[in-house]
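Below is one structure, written out as structure tokens; the observations come after it.
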């Protein structure tokens, strides 16, 4: 499924953790791994960081490739200059990338390529799945033994089922399917209980449908839950309760200004989840998850 993986790098801890995760996945799937550094055209000028030839930027990519275990992996190094998130997205499109792996909490300044904010922009705009890896993740190879798959039954959520099944099939992971019933907008009135029952029924149907599709895709272990609360907080609690290693969450396809708005469940998870988050965009346009 992930034949070509792209990992943009800088010199932040999150970048190295992302590189390690990308290398692990590339080895598991026999993927080609593209390692990309982007010199920010709007960053502080530094003549030593030209992007062509045997510049320090190119040397940096080579050094990072030596630091991370890439034995047995087909690695393609690359250096570009421009607006960082645009260069990453363009590179992914031009090279038929199936997965982008990025670190979070990047830093700004010379020799640091803004991967904190850039990651969020790539998550919003990428047409291919993006795996966000925290800077404080444990060093070394990643392991996905328990995967959390939140769902609300939408086409956006459904987009995450196939990659979840592929990852679980590769690692024999248990998939925890979760739907959150968000009742914050309901007042206390005669009809509230009826509305809550309807929301619970929708959540239960979403969980049941997702579980069935996972089993059909060959996933052997699936656990389900429906919980009440603010969705991203419910997801964070489920991560803790189930020792989850990875969250896979679908997002609706968005166009125009909607693609730049913050505050969605997905973006809150990318910022706050203690484990890697794999975001998968639906091809259908609609509101963000």
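Numbering (the numbering used here), first residue to last: 31 to 319. Think of the CB as a built atom: it goes at the ideal place given N, C-alpha and C, for glycine as much as any other residue. Every value quoted in this text rests on a predicted model; they were computed, and no experiment measured them.
Distance, Cα to Cα, residue i vs residue j?
i           : j           : result
residue 162 : residue 306 : 5 angstroms
residue 178 : residue 281 : 15 angstroms
residue 200 : residue 58  : 8 angstroms
residue 263 : residue 213 : 13 angstroms
residue 261 : residue 229 : 13 angstroms
residue 205 : residue 121 : 32 angstroms
residue 147 : residue 301 : 10 angstroms
residue 227 : residue 234 : 10 angstroms
residue 164 : residue 38  : 14 angstroms
residue 253 : residue 41  : 39 angstroms
residue 36  : residue 187 : 23 angstroms
residue 89  : residue 193 : 34 angstroms
residue 68  : residue 126 : 18 angstroms
Does DSSP put residue i in a helix, a strand or coil?
i           : result
residue 67  : strand
residue 237 : helix
residue 104 : strand
residue 164 : coil
residue 129 : strand
residue 147 : helix
residue 248 : coil
residue 39  : coil
residue 265 : helix
residue 292 : Note on residue 292: pLDDT 38, under 50, position unreliable in the model; the coordinate value appears next. If DSSP states are grouped into helix, strand and coil, residue 292 belongs with coil.
residue 255 : strand
residue 277 : strand
residue 305 : coil
residue 34  : strand
residue 287 : In this prediction, residue 287 scores a pLDDT of 42, lower than 50, which makes its location untrustworthy; the coordinate-derived value is nonetheless stated afterwards. If DSSP states are grouped into helix, strand and coil, residue 287 belongs with the helices.
Hey, residue i and residue j: beta-carbon distance below 8 angstroms or not?
i           : j           : result
residue 32  : residue 55  : yes
residue 271 : residue 174 : no
residue 266 : residue 303 : yes
residue 50  : residue 150 : no
residue 237 : residue 224 : no
residue 249 : residue 198 : yes
residue 62  : residue 34  : yes
residue 277 : residue 240 : no
residue 167 : residue 310 : no
By DSSP's criteria, residue i is part of a beta bridge. Which residues make up the other side?
i           : result
residue 111 : 69
residue 179 : 207
residue 60  : None; residue 60 has no bridge partner.
residue 311 : 281
At 3 residues or longer, what runs of the beta strand (DSSP E) sit wholly inside the region 183-221? Counting only runs of 3 or more, we get 204-211.
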